[in-house]
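S.K.: Have a look at this one before I ask anything.
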Amino acid sequence: MTQTMFGPAFTEEGILFRLWAPLHESVSLKIEGADPRRMQAVGDGWHHCTVADASVGTRYRFVLPDGLEIPDPASRLQPQDVHGPSEVVDLSSYRWKTSDWTGRPWEEMVIYEMHIGCFTPEGTFKAAIERLDHLQALGVTALQIMPLSEFPGRYSWGYDGVLPYAPCSSYGRPEDFMALVDAAHQRGISVFLDVVYNHFGPDGNYIPSYAPLFTDHHKTPWGNGINYDGDGSGMIREFIIQNAIYWITEFRLDGFRFDAVHAIKDDSAEHLLHALARRVRAGAGNRHVHLIVENEENDSDLLTRGENGEVRLFTAQWNDDVHHVLHITATGETFGYYADYAGDAGKLGRALAEGFVFQGEHMPYRGGSRGKPSGHLPPTAFISFIQNHDQIGNRALGDRVLASSPADVAKAVAAVYLLAPEIPMLFMGEEWGAREPFPFFCDFDEDLNEKVRKGRREELSRLPGFDADDLLDPTAPSTFAAAKLDWSKLASEVLDFYRTLLDLRHRRIVPLLKGAGAGNAVYHSAGSALAVDWTLAQNRRLHLRANLGNEAAPLVSQQDDGETIFRLGGSDGGNLAPWTVIWSISEA
């Protein structure tokens with residue numbers, strides 16, 4: 062078993078059951094088939110009970126003084142969902158085939174975001190293993206798996222999890238998840254997990270009934286903030302930090318994507334995010350571990366590098382700014398926040414060259430400033446994408462609008478982001494032009510389901526051209542089923558194109574990223590024409606020349622760009638044809 066302070070532990074005397082419940086003087090342990098037994102209060106809010114005849118497979122609950130039966134907050138498995146008993150699991154019994162795996166350097170990453178329940182028809186860890194050969198052949202070097210912590214109901218995006226130590230039983234057992242990680246490592250593929258440390262889901266979270274989990278000193282979009290800095294916060298912080306270390310050590314994960322870190326409020330001397338980064342890296346030892354943030358505030362301080370370019374806190378951030386400008390380029394949509402990114406190719410140039418479009422400037426949609434300077438960071442501090450679960454799923458119908466774009470448009474956009482020196486991320490099925498929607502879905506009780514339906518209707522009805530009556534029911538089984546990938550459509554021209562681009566990336570771009578200097582990119586634009594130049598490693602310059610528009614446009618840079626490594630579209634004299642993308646490399 063893991064060496065965390067939380068959850069059951071194997072000892073010579075039997076299995077030690079532990080619960081931190083400082084709001085109660087007494088707690089009982091109830092093992093299925095036996096009478097409840099009072100646990101021993103051992104100080105600082107802890108209650109212990111060692112059971113000699115408990116074993117792997119034992120199912121148990123804790124019983125509070127008012128009779129409320131609760132699962133273990135650090136349960137390793139919930140075979141009957143969030144309200145059922147917890148099950149003792151011996152994670153150390155799994156026999157790893159890749160015990161010598163130490164991970165891959167960050168510059169080699171090509172990330173593939175997936176939802177286990179929708180990635181295959183079966184929606185299980187075991188079924189996902191069967192598709193890893195496809196991803197390896199595609200050129201993917203990292204999986205980013207949407208949240209797995211046990212959530213209520215049969216299906217969910219995973220952001221409503223309530224038991225952060227238990228992989229969702231809908232997808233299989235913990236050992237099945239280990240087997241998926243193991244199989245990925247056998248193919249040279251890293252595995253990152255999306256984790257949610259900014260809130261707990263609305264159903265099945267029993268912790269507030271026995272511990273000070275929340276605080277009214279901080280507010281989040283989900284209500285009161287998690288208590289990371291008030292009375293009793295020390296153990297709450299440990300619960301979360303040790304959870305991250307647990308995933309890294311027990312499941313041998315290669316890193317995380319931290320959801321909405323801007324909503325993690327903490328006035329402690331050391332912010333939780335800093336403590337997380339420090340202790341996770343220490344827990345990983347000499348392995349490559351990469352930490353990714355989603356941060357609406359575009360706080361580049363979290364991405365700070367040392368004098369030699371080493372990562373100090375977080376490796377990279379999802380760069381929504383790149384997505385927004387590429388999305389507008391491909392679709393022409395300018396509603397909502399997209400309006401602030403419309404206008405000219407210069408916004409795309411800035412995002413590619415410097416990271417953020419908004420680096421402290423006023424953003425009309427927000428009604429205030431956004432971001433901090435980011436041009437001093439290396440391009441690998443940013444993750445670029447044209448699809449992800451949010452940008453698809455938060456559309457009214459969950460439609461993959463880019464998959465419906467004209468072929469020359471979709472290819473040009475893909476050629477920009479897959480060959481740029483930022484780290485690229487695909488969303489599952491994108492590589493073959495999948496058109497299955499990825500709408501929001503969840504499965505609560507009927508009262509919560511109705512609240513979700515109402516909330517989504519109100520939120521999305523504000524989008525132009527959307528009739529709220531057309532909204533898919535996020536709680537219906539059919540909505541979840543519609544999001545499953547159709548692998549019978551795998552073979553396609555799009556797949557061949559993606560494979561070609563990723564092969565080129567690994568051969569020609571990746572070798573230039575290790576040790577690449579920061580803040581050495583420049584961009585020029587005019588109308589739909591764009592030129593970006595990066596100074597990378599090995600005394601090389603990488604050049605992008607593109608026309609991302611429907612009309613011919615003049616080159617905005619006439620310098621000698623050296624060896625052309627990729628060309629889509631064409632040029633005539635000093636003009637680029639519509640939807641032309643040219644990549645080249647020269648001596649610096």
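Note that the sequence shown ends on residue 649 in the working numbering; no numbers are left out. Note that CB positions come from ideal geometry on N, CA and C, so glycine has one too. Fair warning: this is a prediction, and the values are worked out from it, not measured in the lab.
Leaving out five residues on either side along the sequence, give the residues of the same chain with a beta carbon under 6 Å from the beta carbon of Ala412.
M.R.: As a working mapping, residue 412 is identified with position 351 in the sequence shown. The answer, listed in chain order, is Asp382, Val383, Val386 and Val418.
S.K.: With distance defined between alpha-carbon atoms, name the residue in Glu394, Trp640 and Arg456 nearest to Glu519.
M.R.: Here residue 519 refers to the residue found at position 458 when the sequence shown is read from its first residue. Cα-wise, what sits closest to Glu519 is Arg456.
S.K.: Mapping the DSSP letters down to three states, classify Ile447 as helix, strand or coil.
M.R.: Locating residue 447 in the sequence shown gives position 386, counting from the first residue. Ile447 falls in the coil class under three-state DSSP.
S.K.: What's the C-alpha gap between Ala592 and Leu533?
M.R.: Working through the sequence shown from its first residue, we reach residue 592 at position 531. Working through the sequence shown from its first residue, we reach residue 533 at position 472. Cα-Cα distance, rounded: 41 Å.
S.K.: Would you kindly work out how many angstroms separate the C-alpha atoms of Phe446 and Asn380, rounded to a whole number?
M.R.: Numbered from 1 along the sequence shown, position 385 holds the residue referred to as residue 446. Numbered from 1 along the sequence shown, position 319 holds the residue referred to as residue 380. Rounded to whole angstroms, Phe446 to Asn380 spans 8 Å at the Cα level.
S.K.: Are Phe180 and Met489 close, meaning C-beta to C-beta below 8 Å?
M.R.: Taking the sequence shown and counting its residues from 1, one reaches residue 180 at position 119. Taking the sequence shown and counting its residues from 1, one reaches residue 489 at position 428. Cβ distance < 8 Å, so Phe180 and Met489 count as in contact.
S.K.: Applying the criterion that 16 or more other CB atoms from any shown protein chain within 10 Å of the CB defines a buried residue, is Thr63 buried or exposed?
M.R.: Taking the first residue of the sequence shown as 1, we reach residue 63 at position 2. Because the pLDDT of Thr63 is 47, which lies under 50, any placement of that residue in the model is unreliable, and the number read from its coordinates should be weighed accordingly. Buried, by the Cβ-count rule.
S.K.: Excluding five sequence neighbours on each side, which residues of the same chain lie with their C-beta closer than 6 Å to the C-beta of Ala321?
M.R.: Here residue 321 is taken as the residue at index 260 of the sequence shown, counted from 1. Taken in chain order, the residues that qualify are Asn259 and Glu355.
S.K.: Return the chain-ordered list of same chain residues with a C-beta closer than 6 Å to the C-beta of Ala414, the five sequence neighbours on each side being excluded.
M.R.: Residue mapping note: residue 414 aligns to position 353 of the sequence shown, counting from 1. If we look at Ala414 and ignore the five residues flanking it on each side, its Cβ neighbours are Ala582, Tyr584 and Val593.
S.K.: So, under 8 Å CB-CB, Glu211 and Gly222 are touching, yes? Tell me the CB distance rounded to an integer number of Å.
M.R.: Residue numbering aside, residue 211 sits at position 150 when the sequence shown is read from its first letter. Residue numbering aside, residue 222 sits at position 161 when the sequence shown is read from its first letter. Contact flag correct, Cβ pair sits at about 6 Å.
S.K.: Could you check where the alpha helix (DSSP H) with Lys515 kicks off and where it finishes?
M.R.: As a position in the sequence shown, residue 515 is number 454, starting the count at 1. Start and end: Glu507 to Leu521.
S.K.: Below 8 Å on the Cβ atoms is my contact criterion, and I expect Cys110 with Leu129 to pass it. Report the Cβ-Cβ distance as a whole number of Å.
M.R.: As a working note, residue 110 is residue 49 in the sequence shown. As a working note, residue 129 is residue 68 in the sequence shown. Not confirmed; about 17 Å, so no contact.
S.K.: Please state whether DSSP places Phe317 in a helix, a strand or coil.
M.R.: Counted from its first residue, the sequence shown places residue 317 at position 256. Phe317: strand per DSSP, three-state reduction.
S.K.: Is it true that the stretch 609 to 618 meets the stretch 563 to 580, where meeting means three or more beta-carbon pairs spaced less than 8 Å apart?
M.R.: Output reads no: the stretch 563 to 580 does not touch the stretch 609 to 618.
S.K.: Here's a check: name, in chain order, each residue in its chain whose Cβ is nearer than 7 Å to the Cβ of His323, leaving out the five neighbours to either side.
M.R.: Stepping through the sequence shown from its first residue, residue 323 is reached at position 262. Here the set comprises Asn356, Glu357 and Glu358.
S.K.: Leaving aside the five residues before and after Pro134 along the sequence, list all residues of the same chain whose C-beta is less than 6 Å from its C-beta, in chain order.
M.R.: Mapped onto the sequence shown, residue 134 falls at position 73. Closer than 6 Å at the Cβ level, and outside the excluded window around Pro134, lie Ile268.
S.K.: Could you tell me whether the Cβ atoms of Ala272 and Ala102 are closer together than 8 Å?
M.R.: Here residue 272 corresponds to residue number 211 of the sequence shown, with the count starting at 1. Here residue 102 corresponds to residue number 41 of the sequence shown, with the count starting at 1. For Ala272 and Ala102, no; Cβs fall outside 8 Å.
S.K.: I'd like the list of long-range same chain contacts for Ser230, defined as Cβ closer than 6 Å, with 5 residues on each side in sequence excluded.
M.R.: For the purposes of this step, residue 230 is taken as residue 169 along the sequence shown, with counting starting at 1. Once the five neighbours on either side are set aside, the close Cβ partners of Ser230 are Gln139 and Pro140.
S.K.: What is the DSSP secondary structure of Met66, counted as helix, strand or coil?
M.R.: Against the sequence shown, residue 66 aligns to sequence position 5. Met66 falls in the coil class under three-state DSSP.
S.K.: With Glu299 as the anchor, note down where its alpha helix (DSSP H) starts and where it stops.
M.R.: In the sequence shown, the residue the question calls residue 299 occupies position 238. Counting along the chain, the alpha helix (DSSP H) containing Glu299 begins and ends at Ser294 to Glu311.
S.K.: Quick one: complete beta strand (DSSP E) runs, 3+ long, within the stretch 206 to 268?
M.R.: List check, beta strand (DSSP E) in window: 224 to 228 and 251 to 256.
S.K.: Please report the distance separating the alpha-carbon of Ser346 from that of Thr119.
M.R.: Along the sequence shown, read from residue 1 onward, the residue named residue 346 stands at position 285. Along the sequence shown, read from residue 1 onward, the residue named residue 119 stands at position 58. Checking the sequence shown, residue 346 turns out to be Gly, not Ser. Answer to the nearest angstrom: the Cα atoms are 33 Å apart.
S.K.: DSSP has Phe275 in a bridge; who is on the other side?
M.R.: Along the sequence shown, read from residue 1 onward, the residue named residue 275 stands at position 214. DSSP, once it has assigned bridges, lists Ile287 as partnering Phe275.
S.K.: Here's a check: name, in chain order, each residue in its chain whose Cβ is nearer than 7 Å to the Cβ of Gly214, leaving out the five neighbours to either side.
M.R.: Within the sequence shown, numbered from 1, the residue matching residue 214 stands at position 153. These residues qualify, in order along the chain: Cys503, Asp504 and Phe505.
S.K.: Measure the C-alpha to C-alpha separation of Tyr121 and Pro132 and round it to an integer number of angstroms.
M.R.: By 1-based counting over the sequence shown, the position of residue 121 is 60. By 1-based counting over the sequence shown, the position of residue 132 is 71. Whole-angstrom Cα-Cα distance: 7 Å.
S.K.: So Ser539 is in the alpha helix (DSSP H); what residue range does that whole segment cover?
M.R.: Here residue 539 corresponds to residue number 478 of the sequence shown, with the count starting at 1. Residues Pro538 to Ala543.
S.K.: Using beta-carbon positions only, say whether Pro440 and Trp644 come within less than 8 Å of one another.
M.R.: On the sequence shown, residue 440 is found 379 positions in, with the first residue counted as 1. On the sequence shown, residue 644 is found 583 positions in, with the first residue counted as 1. Cβ atoms of Pro440 and Trp644: not closer than 8 Å.
S.K.: Using only the alpha-carbon positions, how far apart do Arg366 and Leu374 sit?
M.R.: Taking the first residue of the sequence shown as position 1, residue 366 is located at position 305. Taking the first residue of the sequence shown as position 1, residue 374 is located at position 313. Near 8 Å, if we compare the C-alpha coordinates of Leu374 and Arg366.
S.K.: Would Leu479 and Leu562 be called neighbours here (beta carbons separated by less than 8 Å)?
M.R.: In the sequence shown, residue 479 corresponds to position 418, counting from 1. In the sequence shown, residue 562 corresponds to position 501, counting from 1. Result yes, Cβ atoms of Leu479 and Leu562 sit closer than 8 Å.
S.K.: With 16 other CB atoms within 10 Å as the buried threshold, where does Trp157 fall?
M.R.: Locating residue 157 in the sequence shown gives position 96, counting from the first residue. Trp157 is exposed by the Cβ-count criterion.
S.K.: Please classify Gln620: does DSSP put it in a helix, a strand, or coil?
M.R.: Here the question's residue 620 lines up with position 559 in the sequence shown. Gln620: coil per DSSP, three-state reduction.
S.K.: Write down every uninterrupted run of the beta strand (DSSP E) in the stretch 528 to 611 whose length is 3 residues or greater and which is fully enclosed by it, in chain order.
M.R.: Segments of the beta strand (DSSP E) lying fully in the stretch 528 to 611: 582 to 587, 590 to 596 and 601 to 608.
S.K.: Between Gln599 and His246, what straight-line distance do the alpha-carbon atoms span, to the nearest angstrom?
M.R.: Numbered from its first residue, the sequence shown carries residue 599 at position 538. Numbered from its first residue, the sequence shown carries residue 246 at position 185. Spanning the two alpha carbons is a distance of roughly 29 Å.
S.K.: Leaving out the 5 sequence neighbours to the left and right, which residues in its chain are closer than 7 Å to Leu77 when beta-carbon positions are compared?
M.R.: Counting from 1 along the sequence shown, the entry for residue 77 is found at position 16. Closer than 7 Å at the Cβ level, and outside the excluded window around Leu77, lie Pro69, Ala70, His109 and Thr111.
S.K.: Rounding to the nearest angstrom, what Cα-Cα distance links Asp127 and Arg99 in this structure?
M.R.: Translated into the one-based positions of the sequence shown, residue 127 becomes position 66. Translated into the one-based positions of the sequence shown, residue 99 becomes position 38. Distance between the alpha carbons of Asp127 and Arg99 is about 14 Å.
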